[in-house]
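What follows is a short report on a single structure.
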Amino acid sequence: MSDTWNLIILDAAPPVKELGCLAAGDLDGDGHVEVVTGGDGGLLWYRPDTFEQGLIAEGHYAVGLTLEDVDGDGLMEVVTTREDAETSAWTILWFDSEQDLSRPWSAHVIDPTCNGSAHDMLFFDVDGDGVRELVANAAYCAVPGVFIYKAGADATAPWDKYTVSTGIFSEGLGAADLDGNGRFEIVHGPDWFKPPAQGPLAGPWKRTVYAPSFREMCRTALVDVTGNGRKDVVIVESEYADGRMAWFENRLAEDPENPWIMHEIGEAAGFPWNFAHSLDARRDMDSDEVHVFVAEMAAGGWGQPYNWDARVTEFVTTDGGETWHEERIDTGVGTHQATMVDLDGDGVLEVAGKEWGQARTLPRVHFWRQVETPSPLTRVRHRLLDRDKPYTGTDILAADVDGGGQPDVVCGAWWYRNPTWERHQIPGVYQVHNVYDLDGDGRDEFIATKKSTDAKPGNWYSSLSSELCWIKPLDPVAGLWEEHPIGTGDGDWPHGTLMGPFLPGGKLALMVGYHSAEGRGDLPQMFEVPDDPRERPWPKRVLAEIPYGEEFVAHDVSGNGQLDIVAGRWWLENEDGAFRPHKVVEGEDFDNVARVRVADVNGSGHPDILVVEEGLDYAETRQAFFVRIAWLENPGDPCTAPWSVHVIDKMRSPHSLDVADLDGDGELEVIVGEHDPFKPYRSRSRLCVYKKADPQGRAWAQYVLDDRFEHHDGAKVFEMSPGQPCIISHGWVDSRYVHLWEFV
61 MSDTWNLIIL DAAPPVKELG CLAAGDLDGD GHVEVVTGGD GGLLWYRPDT
111 FEQGLIAEGH YAVGLTLEDV DGDGLMEVVT TREDAETSAW TILWFDSEQD
161 LSRPWSAHVI DPTCNGSAHD MLFFDVDGDG VRELVANAAY CAVPGVFIYK
211 AGADATAPWD KYTVSTGIFS EGLGAADLDG NGRFEIVHGP DWFKPPAQGP
261 LAGPWKRTVY APSFREMCRT ALVDVTGNGR KDVVIVESEY ADGRMAWFEN
311 RLAEDPENPW IMHEIGEAAG FPWNFAHSLD ARRDMDSDEV HVFVAEMAAG
361 GWGQPYNWDA RVTEFVTTDG GETWHEERID TGVGTHQATM VDLDGDGVLE
411 VAGKEWGQAR TLPRVHFWRQ VETPSPLTRV RHRLLDRDKP YTGTDILAAD
461 VDGGGQPDVV CGAWWYRNPT WERHQIPGVY QVHNVYDLDG DGRDEFIATK
511 KSTDAKPGNW YSSLSSELCW IKPLDPVAGL WEEHPIGTGD GDWPHGTLMG
561 PFLPGGKLAL MVGYHSAEGR GDLPQMFEVP DDPRERPWPK RVLAEIPYGE
611 EFVAHDVSGN GQLDIVAGRW WLENEDGAFR PHKVVEGEDF DNVARVRVAD
661 VNGSGHPDIL VVEEGLDYAE TRQAFFVRIA WLENPGDPCT APWSVHVIDK
711 MRSPHSLDVA DLDGDGELEV IVGEHDPFKP YRSRSRLCVY KKADPQGRAW
761 AQYVLDDRFE HHDGAKVFEM SPGQPCIISH GWVDSRYVHL WEFV
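Take the sequence shown: its position 470, counted from the start at 1, is 530 in the working numbering, and no numbers get skipped.
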């Protein structure tokens, strides 16, 4: 992303299967711009300035949508097409809010039996009577075409319909007086249409091809590039992975025999354009600059590969289209039907958009906002602490191993000494899982597991075990450690551990969840720490009857002064050392919670729960899916009242999570890392930071710190020195590396 643009996620989980349409305008006349979007499931409105949102109507809506004051009351209404659930027929209709967006909207039919779903819509005064008519195309149907709709005296009754063309399938619609004769022409994809001599409603119109090398599915925009007072045409192929973009110089007056001259835009940006389904153009009358906005989808249709380099960009010319300067807004975030609009009334344009969505990517609503000063969250430097780690570590943590007063990094069976970061072996153990001052001497000890006795040669995973021990560093630089057995857990290997004073009298206990909890149903266990932790084995028992084997977090959720435990979608109420489970979320949701944190997200004074899901299919497709990063809102009565679910974003199997104040403003940010074990060297997994865009945690700004490395139980924050936060991480299959990101 450009340092001067911030991506804001308005809604990461709209109640729809996909989002096709988008338009923006002030619907209720209160001075706030709303974004309207819809698709398979409903038609929605969002107010980016205040982060409010609401439902216009349920149903399945097409890509075509526009806003217009249909009834002359001074307010814009929503015009779109909806599919009949029983007959699959499409209807063009308009919705009226009557100035109260929160009340039920009224629907009025324009065309009860249109030829097909309208992919493009616009209003302009076709016949010069001072009233703007609706122009809409019909796409993906037996009889495609372009049609004009004219309202009668009663705009709530069906409108009269007139034909521009039939039998020609295209996308991309625009209208202007192209030849300067005072009458409007229509641009439809690579064609333009001239009205008949008898008048625009006497159709059909005469078709002429202006872009003979362009395919039919396009976005088009009309703007005066040359400055001669006539509109030129900007076009980009929108539904192809190898699309092209150009502007066509309008020379209808100067050279009727050769009226359109093609000029490519942004040669430096390169071809092809990958599903560039957003196009906008404008001329700045003060500076004579011409701006062309274009953006690609990340997940195009028809089973196309995901576009990890989707571009959101603007091209600017100051010399009549001779040369173009590219101003990149973002890279790697796709959008669909996006447009540039002043969302907050400050005179500066934002980019309002949304992701169309598929089953693997899911839709979301977002916008980009320009900023004067780049966020400190964008200033980060990466280094590899290790690029040759012998095998995968299951955990990574920061702790003062050598007693030098500054945190070192521990991963697998190794520790990395701050500040030179040389690697040292920890003898006798296979994985280090946790750190705690067990014996109260002011120095950290470590919870670890031994190498399995059933290990297979060359198979690091078979070496994992649940034979627990704790180790004390004596002279760790020289490799001297003291080891004490704990006991053997009943699961395969610890996938989540937690140490703390959970028992009466402040006695310590170790909580262990097992990787086999999901497959075999192994329950989490508690190991009680004896008064002398060197005694063995530590007594063990089932922590709670919940099928959970991932991360645990300690927090006094109940507010009674005892440490409770948060475990995925459960929280375990501490009743003097016995733990009673409460479901935070009912139903099937959040069965695959991978990592968890606790923080007061909305400033209510109550601890909320942050979770990330694991979304992997090892059995069939071998894919990592887009799943939720969410926070679960504490209702104030956590034992009986329901917790609300708020989705921050969706990422590919985000198996790493932390929260910390990274920029020093007193607010916690959310740190997340993606996990894709199926493409370790081509996964494009991201490390992201999310920052609240509003105090209630309804909208979030996303900052991508890196997109090169896979993350598993990583993305953890520590302070390398006071006030200097850093992020450490590692991968599961991308296992050689140990990472450090420093904010500079």
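Note that CB positions come from ideal geometry on N, CA and C, so glycine has one too.
Out of D677, F375, V798, the CA that lies nearest to the CA of R447 is found in V798.
In the three-state scheme derived from DSSP, where H, G and I count as helix and E and B as strand, R580 is classed as helix. Taking C-alpha positions only, W530 is separated from G500 by approximately 14 Å. One thing to note: T141 has its Cβ no nearer than 8 Å to the Cβ of P172. If you check the CB distance, R275 and E297 come in under 8 Å. Every unbroken stretch of the beta strand (DSSP E) spanning 3 or more residues and falling wholly within the region 649-709 is given here in chain order: 653-659, 668-673, 686-693.
When beta bridges are read from the DSSP output, T480 appears opposite no residue. Residues F308, E309, R311 of the same chain have their beta carbon placed closer than 8 Å to that of I321, with the five preceding and five following residues left out of the count.
When the alpha-carbon of A145 is set against those of P256, R163, G119, the nearest one is in G119. Spatial neighbours of A73 in its own chain (CB-CB distance under 6 Å, excluding positions within 5 residues in sequence) are listed in chain order as V707. In the three-state scheme derived from DSSP, where H, G and I count as helix and E and B as strand, P536 is classed as helix.
Per the coordinates, the alpha-carbon of D550 lies some 14 Å from the alpha-carbon of E605. Each residue's CA atom was taken as its position, placing S576 and N652 some 13 Å apart. In this structure, the CA atom of K221 is about 14 Å from the CA atom of F183. The C-beta of V123 has 16 or more other C-beta atoms within 10 Å across all chains shown, which makes the residue buried. Listed in chain order, the non-local C-beta contacts of A313 below 8 Å within the same chain comprise D239, G240, R290, local neighbours out to five positions each way being set aside. R443 and R483 have their C-alpha atoms roughly 14 Å apart. Annotation: W219 to H426 spans about 34 Å, alpha carbon to alpha carbon.
Nearest neighbour of P584 by Cα position, chosen from P607, D591, P593, K567, turns out to be P607.
A contact between stretches requires three or more CB pairs, one per stretch, nearer than 8 Å, and the region 403-415 fails this requirement with the region 431-442.
In the structure shown, the three-state DSSP call for T151 is strand. Taking 8 Å as the cut-off, the beta carbon of L528 is found closer than this to the beta carbon of T548. With respect to V408, V350 sits apart: the two C-beta atoms are not nearer than 8 Å.
Setting aside the 5 residues that flank it on each side, G134 is surrounded in the same chain by G89, each with a C-beta closer than 8 Å to its C-beta; the list follows chain order.
For P695 and G380, the gap between their C-alpha atoms comes out near 59 Å. As DSSP reads the structure, D446 sits in a beta bridge with V798. Assigned with DSSP and collapsed to three states, S526 falls in coil, not helix or strand. The beta carbon of D504 sits closer than 8 Å to those of A459, D460, V461, V495, Y496, D497, P533, all from its chain and outside the five residues before and after it, given in chain order. In the three-state DSSP reduction, Y200 falls in the coil class, being neither helix nor strand.
Q397 sits buried, since 16 or more C-beta atoms from the chains shown fall within 10 Å of its C-beta. Remark: C-beta atoms of G392 and V764 approach each other more closely than 8 Å. By a beta-carbon distance limit of 8 Å, L558 does not contact A508. Their separation comes to about 15 Å. Distances from the CA of S664 to each of T110, Q756, A262, R594 were compared; the closest alpha carbon is that of Q756. In this structure, I731 lies away from P714, with their beta-carbon atoms at least 8 Å apart.
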